[in-house]
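A.B. asks:
In our numbering, the protein residues as written are 10 to 501.
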């Protein structure tokens, strides 16, 4: 690590160079100004950036990237800072490139059903702007009131309705941005298909490691005529997990299919009074949307499947207010957890639907093993878990046990045929676990793709991809809380 004087000298150099391209108010470097940028939604790990830059135009973004590339300065792009994997955590000697001022909706095309927006536009703002035409943007992460479309693109975000309407990658038609060298790039188009390799799909979900997004064209869809939600109670998490698989096996694709266990419903009900059954070991929220006739038929079919799977109680929303009340609990699961614990770590591994009950029971055993509580809420329809491990980040021992707990969940998910991340990204949180899921060769292929876009490795370095030659050299060796795992292995 550089000394304080070396850091100060480098900081002065970078500020002077960037000052030639952006106004003075767009640069922050004093500690009190950069501290708010030291982490994203994963607050357990923090790092103050060398400089924060808030450009207002694409020309400024281009100039900043060219300058940083020429100086060899790392760049970490940032949206709203709502990410949960540390993907936007700054580099100690780098520039945090905040795109918060790129917040304009450029156009709405109600005929083509598209919206052209800048990367800093909030997810929910797109639907609000399209509402006069009875259109909306389908992906709806729980943080949609705050998260930006640029961040959604970086993480390939989903939401409670992704089972039916898809992830970000299924709803973004075109992305415009710049490479770290300042070269303008555009991926995808508004046409049905584009020739050549699907680089748009490579950029979406790349966690800001390939290019900096400044603009996107997204798909809009018509608002359904009607939506109704079933709240189904179960006296056993295994029955609830099996019910999810039964619904899909019956050929039903609900608009949303979410699951919460008893600790989570207790936390949520105390927070928003959603009307949840607090005697149930788990509840399912199953939504149907479409025409009134389609909804009535699908609600009836789902109710039959849920009863056959062992539901002890079924409540169907009678009006829009009640439907929104059911969903208010699910949407507020994270802040509700923040009320019952100083900190929480939210993971997002995925597993096959048929293993939902198995992973929930395994997590219950891990709670005993690590002496920490865990609340579970997740996109049950596509097997995307969101276990929230509760801990106190000010207690080094609890933080360490939380990290072990999280790694255990990820490794168990992979062993059950799943993946380490469904939508929150790898960032720094799951960096160690990449060697659990991927071979050395597979990690090398991902690194080669990054090198094709960013040969110098300056965009969001140290995230996502282990970079040493063998997972044995890198896996489990990230320093956290001052402790290095596997101290017996040689350092290279």
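Positions of the beta carbon are idealized from the N, C-alpha and C atoms, including for glycine. A quick note: this is a predicted structure, and the numbers were derived from the prediction, not measured.
Between the C-alpha atoms of residue 18 and residue 207, what's the straight-line distance to the nearest angstrom?
C.D. replies: On the chain shown, residue 18 is found 9 positions in, with the first residue counted as 1. On the chain shown, residue 207 is found 198 positions in, with the first residue counted as 1. Their Cα atoms are separated by approximately 43 Å.
A.B. asks: From what residue to what residue does the beta strand (DSSP E) around residue 197 run?
C.D. replies: Numbered from its first residue, the chain shown carries residue 197 at position 188. Annotation: the continuous beta strand (DSSP E) that includes residue 197 extends over 193-197.
A.B. asks: Keeping to the same chain, check which residues put their C-beta closer than 6 Å to that of residue 433; ignore five residues upstream and five downstream.
C.D. replies: Working through the chain shown from its first residue, we reach residue 433 at position 424. Taken in chain order, the residues that qualify are 93, 94, 357.
A.B. asks: To which residues of the same chain is residue 121 closer than 8 Å at the C-beta, ignoring the five residues directly before and after it?
C.D. replies: Against the chain shown, residue 121 aligns to sequence position 112. Correct list, in chain order: 199.
A.B. asks: Flag this pair as touching only if the region 206-224 and the region 176-184 have three or more C-beta atom pairs under 8 Å; answer yes or no.
C.D. replies: Contact between the region 206-224 and the region 176-184 is present, because at least three Cβ pairs lie under 8 Å.
A.B. asks: Of the residues 436, 397, 201, 232, which one's Cα is nearest the Cα of residue 348?
C.D. replies: Within the chain shown, the letter at position 339 stands for residue 348. Comparing Cα-Cα distances from residue 348 to each of 436, 397, 201, 232, the minimum goes to 397.
A.B. asks: Hey, residue 2 and residue 323: beta-carbon distance below 9 Å or not?
C.D. replies: There is simply no residue 2 to check, as the chain begins at 10 and stops at 501 in what is shown.
A.B. asks: Report the start-end ranges of each beta strand (DSSP E) in the region 66-118 that is 3 residues or longer and not cut off at the edges.
C.D. replies: 84-87, 104-107, 114-118
A.B. asks: Along the beta strand (DSSP E) that carries residue 353, what are the first and last residues, could you check?
C.D. replies: Numbered from its first residue, the chain shown carries residue 353 at position 344. Here the beta strand (DSSP E) through residue 353 covers 352-355.
A.B. asks: Give the range of the alpha helix (DSSP H) segment to which residue 257 is assigned.
C.D. replies: Indexing the chain shown from 1 puts residue 257 at position 248. Looking at the DSSP string, the run of the alpha helix (DSSP H) that includes residue 257 is 246-258.
A.B. asks: For residue 242, does the three-state DSSP call read helix, strand or coil?
C.D. replies: Here residue 242 refers to the residue found at position 233 when the chain shown is read from its first residue. In the structure shown, residue 242 sits in a strand (DSSP, three-state: E or B).
A.B. asks: What does the alpha-carbon distance come out to for the pair residue 103 and residue 32?
C.D. replies: For the purposes of this step, residue 103 is taken as the residue at position 94 of the chain shown. For the purposes of this step, residue 32 is taken as the residue at position 23 of the chain shown. If I take the Cα positions, the gap works out to 19 Å.
A.B. asks: By the DSSP assignment, the beta strand (DSSP E) with residue 512 in it spans what residues?
C.D. replies: What the structure shows of the chain is the stretch from 10 to 501, and residue 512 is not part of that stretch, so it cannot be assessed.
A.B. asks: Which class does residue 303 belong to by DSSP, given the choice of helix, strand or coil?
C.D. replies: Mapped onto the chain shown, residue 303 falls at position 294. Here residue 303 sits in helix by DSSP.
A.B. asks: Between the beta-carbon of residue 255 and the beta-carbon of residue 314, is there less than 9 Å?
C.D. replies: Locating residue 255 in the chain shown gives position 246, counting from the first residue. Locating residue 314 in the chain shown gives position 305, counting from the first residue. Closer than 9 Å, so yes.
A.B. asks: Is residue 479 helix, strand or coil by DSSP?
C.D. replies: Taking the chain shown and counting its residues from 1, one reaches residue 479 at position 470. Residue placement at residue 479 cannot be trusted, given a pLDDT of 40 that sits under 50; the coordinates are not used to answer.
A.B. asks: Could you tell me how far apart the beta carbons of residue 386 and residue 339 are, in whole angstroms, since I believe they sit closer than 8 Å?
C.D. replies: As a position in the chain shown, residue 386 is number 377, starting the count at 1. As a position in the chain shown, residue 339 is number 330, starting the count at 1. Yes, residue 386 and residue 339 are in contact; Cβ-Cβ is about 7 Å, under 8 Å.
A.B. asks: Out of curiosity, what's the CA-to-CA distance linking residue 379 and residue 414?
C.D. replies: Here residue 379 corresponds to residue number 370 of the chain shown, with the count starting at 1. Here residue 414 corresponds to residue number 405 of the chain shown, with the count starting at 1. About 6 Å.
A.B. asks: Mapping the DSSP letters down to three states, classify residue 414 as helix, strand or coil.
C.D. replies: Position 405 of the chain shown, counted from the first residue, corresponds to residue 414. Here residue 414 sits in helix by DSSP.
A.B. asks: When burial is assigned at 16 or more other CB atoms within 10 Å of the CB, is residue 116 buried or exposed?
C.D. replies: What you label residue 116 is simply residue 107 of the chain shown in a count that begins at 1. Counting of Cβ neighbours within 10 angstroms places residue 116 among the exposed residues, the total staying below 16.
A.B. asks: I'd like the ranges of any beta strand (DSSP E) spanning at least 3 consecutive residues and lying wholly in the region 354-390.
C.D. replies: 383-387
A.B. asks: Ordered along the chain, which non-local residues of its own chain (more than five positions away) have a Cβ less than 6 Å from that of residue 11?
C.D. replies: Position 2 of the chain shown, counted from the first residue, corresponds to residue 11. Cβ neighbours of residue 11 beyond the five flanking positions: none.
A.B. asks: Please classify residue 444: does DSSP put it in a helix, a strand, or coil?
C.D. replies: The residue you call residue 444 lines up with position 435 of the chain shown. It is helical.
A.B. asks: What does DSSP give as the partner residues of residue 265 in its beta bridges?
C.D. replies: For this step, residue 265 is matched to residue 256 along the chain shown. Bridge partners of residue 265: 296.
A.B. asks: Three-state secondary structure (DSSP) at residue 321?
C.D. replies: The count along the chain shown starts at 1 and reaches residue 321 at position 312. Looking at residue 321 - three-state DSSP - the assignment turns out to be coil, as it is neither helix nor strand.
A.B. asks: Look at residue 29 and residue 72 and say whether their C-beta atoms are less than 9 Å apart.
C.D. replies: As a first step, residue 29 must be located in the chain shown, where it is residue number 20. As a first step, residue 72 must be located in the chain shown, where it is residue number 63. Yes, the Cβ-Cβ distance between residue 29 and residue 72 is below 9 Å.
A.B. asks: What is the C-beta distance between residue 175 and residue 266, in whole angstroms, given that I count them as a contact (C-beta under 8 Å)?
C.D. replies: The residue you call residue 175 lines up with position 166 of the chain shown. The residue you call residue 266 lines up with position 257 of the chain shown. No, residue 175 and residue 266 are not in contact; Cβ-Cβ is about 14 Å, not under 8 Å.
A.B. asks: If you follow the beta strand (DSSP E) that residue 19 is part of, which residue opens it and which one closes it?
C.D. replies: Locating residue 19 in the chain shown gives position 10, where the first residue counts as 1. No beta strand (DSSP E) holds residue 19; the alpha helix (DSSP H) holding it covers 13-28.
A.B. asks: Contact between the region 58-68 and the region 402-419: three or more CB pairs below 8 Å?
C.D. replies: no
A.B. asks: Just to confirm before moving on: does the CB-CB distance between residue 194 and residue 77 stay below 9 Å?
C.D. replies: As a working note, residue 194 is residue 185 in the chain shown. As a working note, residue 77 is residue 68 in the chain shown. No, Cβ-Cβ distance for residue 194 and residue 77 is not below 9 Å.
A.B. asks: Write down the C-beta distance between residue 244 and residue 290 rounded to the nearest angstrom, noting that I regard them as a contact closer than 8 Å.
C.D. replies: Translated into the one-based positions of the chain shown, residue 244 becomes position 235. Translated into the one-based positions of the chain shown, residue 290 becomes position 281. The Cβ separation is near 6 Å, so the contact holds.
A.B. asks: Run through DSSP, which three-state label would residue 36 get?
C.D. replies: As a working mapping, residue 36 is identified with position 27 in the chain shown. In the structure shown, residue 36 adopts extended strand secondary structure according to DSSP, grouped into three states.
A.B. asks: Going by beta carbon distance, what residues of the same chain come within less than 6 Å of residue 172, once the five residues before and after it are set aside?
C.D. replies: Taking the first residue of the chain shown as position 1, residue 172 is located at position 163. Excluding positions up to five away in sequence, the list reads 266, 390, 391.
A.B. asks: What are the boundary residues of the alpha helix (DSSP H) that residue 224 is part of?
C.D. replies: Residue 224 sits at position 215 when you count from the first residue of the chain shown. Annotation for residue 224: no alpha helix (DSSP H) segment contains it, though the beta strand (DSSP E) segment containing it runs 221-228.
A.B. asks: Once DSSP output is grouped into helix, strand and coil, what is the label at residue 316?
C.D. replies: Taking the first residue of the chain shown as position 1, residue 316 is located at position 307. In the structure shown, residue 316 falls within a helical segment according to DSSP collapsed to helix, strand and coil.
A.B. asks: Would DSSP call residue 406 helix, strand or coil?
C.D. replies: Taking the first residue of the chain shown as 1, we reach residue 406 at position 397. Three-state result, residue 406: helix.
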